[in-house]
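Worksheet: the structure to be examined is printed underneath.
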Amino acid sequence: MSLRITALTVFLLVIAPPLWAKVSPEEAEKLGTVLTPMGAIAEGNEAGTIPPYTGEMLGAPEWVDYKGTGTHYPDPYPEEKPLFTITGQNYKTYSNNLTDGQIALFEMYPDTFRMPVYPSKRDTRYSDFLHENVKLNAMSAEIVSEGNGTGNAFFGTPFPFATTGLELIWNHQAAPQFEASSGILDGAAVFVDGSISTRTTLEERYILFFSERMGREAFNNQDYGGMIMVQILGPVRKKGEVILVHEFRDVSIASRNAWQYLPGTRRVRRAPTIAYDFPDGPGGLRTVDDALLFNGATDRYTWKMEAKRELYIPYNNNRLDDPVVSYETILTPRHLNPDLMRYELHRCWVVVGVLRDGKRHIYSKRRLYLEEDSWAGALADNYDGQDRLWRTNMRTFVNQYDLPGMGARVEVYHDLQKQAYLANYLINEQKGPPEIVSEIWDDNYFTVTTLRKLGKR
C-alpha cells in the first residue's frame, strides 16, 4: 500500500510578488453560466458523445442504498451496458481519443487489454461552498514564488480560468478531497511472473486547505497545508512502521517534513527522502511524486499547457470497488481485469512537464491529462532519460457521495519496461473507503510523540 503522503498538496503562500494576475469580477461571473461552477465548458461536444453539464446529482441519488461515510459507494448506473469495446484489434480506429500510454498497453497486451466504453456522464456536482470558493479564488488566487506556489486560494480550484501549465498543475493538486479522513487501504504490485507483493496501511489525513471550519482567512494566516499519519499493517516484515508527514504552505519554512518510526530499531528518524523520485509502494513501481499522478513541489520541471483533448478515461468505476469482487478477480496478469472497468469520453486539460536543465529526476518528461469537470489528473505518461515512454498511469473515479462529488479512487501504475503494474488504494476486502472524521484530532496528534506511541503498540 502506498504511503498516501502525497495526497497532501503543498499550498504555498510567500511574500514574493505574483507572476499571474487574477480575473475580473465580470469574468468570474461566467462560472455557473457559460462555464460550469468549476470552470469547464458547460456545453457538450459537437458530436454529441460528450453531454452538456447538468450537475443535478448532489450526494447520493435516491435510487441507491448508500449506508453513509466509510461504506462502499453503490453504482448509480447499474443497468448500463458498454456502447462498444476498444481492443488490441480495433484501437487504431479510436487513436485520436487515446493517450500514448493507452496505445502502448494495446500494443503490448493485444489479446487481453481492452476498454469497455459507456455513455459519458456529467451529472454530479460539488457543494455550494466549494463552488463559491472557486469563484473567490478566480478573483484572488495568484502564482507566487517564481511559480513554486499559490497564494490567496482556499477550498477549491485556484485557477478556473487557467491559461498556463503551472496553473494547470496547481489546479490538479487542489482537486476536491476530504478535510479529515481515516481508512484502511490495500496496494498490490503484480509482476510479469505472476507473483504479487502487497501492503496494507491505516491512513489518517487532515487537509487544512479543505477545512471549512478553519475558513479562508485563518488558513492563509497559519503555516500548515496538511498532515498525515500512515501506519503500516502488513506485510509482516513491514508491520509496525509509521510515517508522519507535515506539509507547509510556505516554501520558506519547508516543503515537506517527514519522520519514520522503525520497529527494528525502536527509533524515530527524519525521512527527507519522502519526496520527488524516491521509490514508493510495493515493487518500487512508482515514485513518491507519482501519487495523484503528480504531487508536491513543481520546481524540477518546466510546465506547459497543451491543447485540450477528448479522451477515454476511467469514470464511474463503482464496479471495481464492489465488495463482492475479490482481489484475486481484480488483479489479473499485466493489467486490471477489464471486465470491471468503465471508460467514458471526457474533455481533458493537458499539461506537460519537461525536466529543467541542472535538475535531477528519473522522468525526463511527464504528461498529465486532467478531467475537465474536476481538474483532477485521470491519466499520465512518464518518459525516461532517452525520452522513451516508461510508465503509464491512471486513476479511477466515482461519485463520492459524502464528499460530495466526483473523486479519484484506485490508482494504477504500469511499468512498460518491467511489464508489471501497481494498484493502490484498493478497498474491496476492507470495510470501505476512508470515512470522514467529524471530531478533528487535537493539536498534539500529528506529532513525533504520537508517532513513537503508535509504533510501540
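Counting along the sequence shown from 1, when you hit position 64 you're at 68 in the working numbering, and nothing is skipped either side. C-beta: ideal position from N, C-alpha, C; glycine also. Remember, it's a predicted structure, so these values are computed and weren't measured experimentally.
First through last residue of the beta strand (DSSP E) which encompasses residue i
{"i": "Asp385", "result": "381-387"}
{"i": "Lys71", "result": "No beta strand (DSSP E) holds Lys71; DSSP gives it neither H nor E."}
{"i": "Pro318", "result": "305-318"}
{"i": "Glu375", "result": "369-375"}
{"i": "Leu237", "result": "228-238"}
{"i": "Thr53", "result": "Careful: Thr53 lies outside any beta strand (DSSP E) and carries neither H nor E."}
{"i": "Arg364", "result": "That residue, Arg364, is in no beta strand (DSSP E); it is neither H nor E in DSSP."}
{"i": "Gly155", "result": "153-155"}
Within 7 Å, strictly: CB atoms of residue i and residue j
{"i": "Asn403", "j": "Val329", "result": "no"}
{"i": "Thr53", "j": "Leu349", "result": "yes"}
{"i": "Asn152", "j": "Phe163", "result": "no"}
{"i": "Thr168", "j": "Gly436", "result": "no"}
{"i": "Val194", "j": "Tyr429", "result": "no"}
{"i": "Thr205", "j": "Gly409", "result": "no"}
{"i": "Pro438", "j": "Gly187", "result": "yes"}
{"i": "Ala157", "j": "Ser378", "result": "no"}
{"i": "Tyr265", "j": "Val292", "result": "no"}
{"i": "Tyr113", "j": "Arg338", "result": "yes"}
{"i": "Thr116", "j": "Val138", "result": "no"}
{"i": "Asn322", "j": "Tyr130", "result": "no"}
{"i": "Leu372", "j": "Val358", "result": "no"}
{"i": "Leu297", "j": "Gly381", "result": "yes"}
{"i": "Ile440", "j": "Thr73", "result": "yes"}
Per-residue DSSP class, three states only, for residue i
{"i": "Ser215", "result": "coil"}
{"i": "Leu12", "result": "Per-residue confidence for Leu12 stands at a pLDDT of 42, beneath the threshold of 50, marking its modelled position as unreliable; the derived number appears in the next sentence. Here Leu12 sits in coil by DSSP."}
{"i": "Asp115", "result": "coil"}
{"i": "Phe223", "result": "helix"}
{"i": "Leu359", "result": "strand"}
{"i": "Gly287", "result": "helix"}
{"i": "Asp190", "result": "strand"}
{"i": "Met143", "result": "helix"}
{"i": "Phe88", "result": "strand"}
{"i": "Tyr405", "result": "coil"}
{"i": "Ser256", "result": "For Ser256, the pLDDT reaches just 49, beneath the cut-off of 50, and the residue's location in the model is therefore unreliable, although a value from the coordinates is still provided. Looking at Ser256 - three-state DSSP - the assignment turns out to be coil, as it is neither helix nor strand."}
{"i": "Thr204", "result": "strand"}
{"i": "Gly160", "result": "coil"}
{"i": "Tyr347", "result": "strand"}
{"i": "Ala44", "result": "coil"}
{"i": "Ile278", "result": "coil"}
{"i": "Asp132", "result": "helix"}
{"i": "Gln264", "result": "strand"}
{"i": "Ile107", "result": "helix"}
{"i": "Glu150", "result": "helix"}
{"i": "Leu102", "result": "coil"}
{"i": "Asn341", "result": "coil"}
Inter-residue spacing [alpha-carbon to alpha-carbon] between residue i and residue j
{"i": "Gly459", "j": "Ala295", "result": "24 Å"}
{"i": "Gly155", "j": "Asn224", "result": "8 Å"}
{"i": "Leu134", "j": "Thr400", "result": "22 Å"}
{"i": "Ser259", "j": "Leu87", "result": "46 Å"}
{"i": "Leu212", "j": "Arg203", "result": "27 Å"}
{"i": "Ile45", "j": "Lys125", "result": "14 Å"}
{"i": "Tyr387", "j": "Ile232", "result": "30 Å"}
{"i": "Tyr305", "j": "Asp281", "result": "13 Å"}
{"i": "Glu66", "j": "Ser99", "result": "38 Å"}
{"i": "Arg461", "j": "Tyr449", "result": "15 Å"}
{"i": "Phe165", "j": "Gly43", "result": "6 Å"}
{"i": "Gly288", "j": "Thr97", "result": "35 Å"}
{"i": "Gly105", "j": "Tyr228", "result": "36 Å"}
{"i": "Ser201", "j": "Asn101", "result": "33 Å"}
{"i": "Glu376", "j": "Thr396", "result": "20 Å"}
{"i": "Thr103", "j": "Thr451", "result": "42 Å"}
{"i": "Thr333", "j": "Asn341", "result": "7 Å"}
{"i": "Lys243", "j": "Ile317", "result": "35 Å"}
{"i": "Lys363", "j": "Thr302", "result": "12 Å"}
{"i": "Ile90", "j": "Ile107", "result": "11 Å"}
Of the residues the options, the one placed nearest residue i, counting alpha carbons only
{"i": "Ala142", "options": "Val27, Ile90, Tyr70", "result": "Val27"}
{"i": "Tyr405", "options": "Glu50, Glu146, Tyr70", "result": "Tyr70"}
{"i": "Ile278", "options": "Gly72, Glu332, Arg290, Thr269", "result": "Arg290"}
{"i": "Arg392", "options": "Val416, Glu251, Ile366", "result": "Ile366"}
{"i": "Phe182", "options": "Val196, Ser199, Glu136, Gly230", "result": "Gly230"}
{"i": "Pro41", "options": "Glu60, Asn299, Gly285", "result": "Glu60"}
{"i": "Glu84", "options": "Glu146, Pro120, Ile334, Arg351", "result": "Pro120"}
{"i": "Pro56", "options": "Arg413, Arg351, Tyr373, Thr454", "result": "Arg351"}
{"i": "Pro286", "options": "Asn299, His418, Asn261, Leu248", "result": "His418"}
{"i": "Ala446", "options": "Arg118, Arg209, Trp263", "result": "Reading the sequence as shown, one finds Asp at residue 446 and not Ala. Asp446 has its Cα closest to that of Arg209, out of Arg118, Arg209, Trp263."}
{"i": "Phe159", "options": "Ser368, Ile236, Asp361, Leu140", "result": "Leu140"}
The alpha helix (DSSP H) enclosing residue i, as first and last residue numbers
{"i": "Tyr331", "result": "331-334"}
{"i": "Glu171", "result": "169-177"}
{"i": "Arg455", "result": "Rather than Arg, the amino acid found at residue 455 in this sequence is Leu. Note, Leu455: alpha helix (DSSP H), 452-459."}
{"i": "Asn428", "result": "No alpha helix (DSSP H) contains Asn428, which is instead part of the beta strand (DSSP E) from 424-430."}
{"i": "Arg323", "result": "322-325"}
{"i": "Glu30", "result": "29-32"}
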